[in-house]
Amino acid sequence: MSRLRMVSVAAVLLAGTALTGCESAGLEPGTAEELQGEVSAVTEAASAGRYQEALQDLDDLTVRLETATRQGEVSANRGQRIGEAIDAVRLSLETEISLQK
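For the sequence shown, position 58 matches number 57 in numbering that gives the first Met the number 0, and the numbering has no gaps at all.
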C-alpha cells in the first residue's frame, strides 16, 4: 500500500471513529457534524498530499474535540477513542512528512 493511501486510510478511520454511533450516547449530533467537517478537511488535505495542512487541520480537530469534551458534548470515553484515532493519523502524517525530507 502506498504511503499516501496509508495516510488517507488513516484519515478515513478517524472519520469512522468520530462518527460511528453518533446517534448514541456520548456524542451530540451537532458536535458530530462539526467533527465530521474537521475530519473531512484532514482527509482532503492528506489525500492531496498536503500533509502540513492536514496536520494543522488535525490540530484544529484536537482543539475542537477537547472543547467539546470539556463542555459535555462528547463523553470522556468517546473523546478518548477519538483522541487515540487522531494520534494514529498524526503519526502517519508525521511519518510521511519525514520521509519526504
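Positions of the beta carbon are idealized from the N, C-alpha and C atoms, including for glycine.
Do you know whose CA, among the options, lies nearest residue i's CA?
i, options, result
"residue 41", "65, 67, 96 and 57", "57"
"residue 26", "93, 98, 92 and 68", "68"
"residue 96", "28, 43, 49 and 84", "49"
Taking the alpha-carbon positions, what's the residue i to residue j distance?
i, j, result
"residue 31", "residue 60", "12 Å"
"residue 71", "residue 37", "19 Å"
"residue 47", "residue 76", "32 Å"
"residue 79", "residue 65", "10 Å"
"residue 81", "residue 94", "20 Å"
"residue 28", "residue 43", "22 Å"
Leaving aside the five residues before and after residue i along the sequence, list all residues of the same chain whose C-beta is less than 7 Å from its C-beta, in chain order.
i, result
"residue 33", "63"
With a CB to CB cut of under 6 Å and the five nearest residues on each side skipped, what residues in its chain are close to residue i?
i, result
"residue 74", "25"
"residue 39", "none"
Whose C-beta lies closer than 8 Å to the C-beta of residue i among residues of the same chain, with five residues either side of it excluded?
i, result
"residue 99", "50"
- Message: For the pair the region 42 to 55 and the region 80 to 98, tell me if three or more CB-CB distances fall below 8 Å.
- Response: yes
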